[in-house]
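Here is the structure we will look at.
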Amino acid sequence: MSGLQKFEQRLEAMVSGAFARAFRSAVQPVEIAAALQRECDNNTQILSRQRRMVPNDFHVELSQQDIDRLSPYDSALNKELTLQLQEHADKQSYVFAGPVTIAFETADDLTIGRFRVRSQAHAAVISNATHTQVRRARAYVEVNGTRHPLQPPSLVVGRGTEADLRINDPGVSRRHVEFTVDESADGGVAIAVHDLGSTNGMLVDGHRITTASLKDGSAVRVGRTTLTVRVVEEDADV
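If you read the sequence shown in our numbering, its first letter stands for residue 15, the second for the next number, and so on.
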């Protein structure tokens, strides 16, 4: 029995066949599962002879009618699709860049029974910063949907355990870049970034350079990961 057949059996058993009946003339869950597997197969990045990295962030676009049919079962389907992807990855020696996420979204240009899948690799990001530090920071970087404070004197970003902000991206060196931060008494903050002799270098707002001053909205790309600088404006009434 194939992995997709097992997937169908597990899902139907979980929802007592109601899901299959609801989708009889619309998108079939097994079609989505197969498309997610193909998305992995078509977007591999070689890490070593026996390991390949694949996307871990998936967006499934469907018509509004199919979304409405899906909504009573989306939690069960999401769980089973994630399990199916993990089983497929194990068989193919794939590794995910970070936790697998699957989102279902409406697309106005799609009719009943049609769908498409978009994917990207979102590296897992680990920081030692506390929630209080993030909340009080005058500046921070946004990475894959998470915020990490930029505090004096600096923040080292890399893949190794010695980095302050660790990114599980094979294109990132163990110590890749360093953000330097200087806060003034009047509430201002000066931020710069410096390449630490990384293998693949960095891009700042699309330009390959080794050091640069940064402002609110500056984008620093290392490997496949983008870090966006955000500066918090002081409340004028404070």
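Built from N, CA and C at the ideal position, the CB exists for glycine as well. Just so we're clear, the structure is a prediction, and the values are computed from it rather than from any experiment.
Quiz item: Thinking C-beta only, is H136 closer than 9 Å to N70?
Solution: Less than 9 Å separates the beta-carbon of N70 from that of H136.
Quiz prompt | Boundaries of the beta strand (DSSP E) in which R180 is found, first to last residue | solution = Residue range 179-181 is occupied by the beta strand (DSSP E) that includes R180.
Practice problem: For H162, count neighbouring Cβ atoms within 10 angstroms of its own Cβ and tell me buried if that reaches 16, exposed if not. | Solution: Burial call: buried.
Quiz item: DSSP three-state call for D251: helix, strand or coil?
Solution: Caution is warranted here: a pLDDT of 45 is assigned to D251, below 50, making its placement in the model unreliable, and no coordinate value can be reported.
Self-check item: Alpha carbon of K93 to alpha carbon of I205, nearest angstrom
Solution: Approximately 42 Å between the Cα atoms of the pair.
Self-check item: Inter-residue spacing [alpha-carbon to alpha-carbon] between L164 and V68
Solution: Between the C-alpha atoms of L164 and V68 there is a straight-line separation of about 30 Å.
Practice problem: Given a cut-off of 9 Å, decide if N142 and G185 are closer than it, judged by their beta-carbon atoms. | Solution: No.
Quiz prompt | N- and C-terminal bounds of the beta strand (DSSP E) containing A117 | solution = Where A117 is concerned, the enclosing beta strand (DSSP E) stretches over 115-120.
Exercise. Count the other C-beta atoms from every protein chain shown that fall within 10 angstroms of the C-beta of T239, then say buried if there are 16 or more, exposed otherwise.
Key: It counts as buried.
Exercise. Please report the residue range of the beta strand (DSSP E) in which E176 lies.
Key: Run containing E176: none; DSSP gives neither H nor E here.
Self-check item: Beta-carbon contacts of P113 that lie in its chain and below 6 Å, excluding the five residues immediately before and after
Solution: Within the same chain, P113 has no close Cβ partners at all.
Exercise. Could you check how far apart the C-beta atoms of E119 and R244 are, in whole angstroms? I think they sit under 8 Å.
Key: Not a contact, Cβ separation roughly 25 Å.
Quiz prompt | Which of helix, strand or coil DSSP assigns to V44 | solution = Helix, per DSSP.
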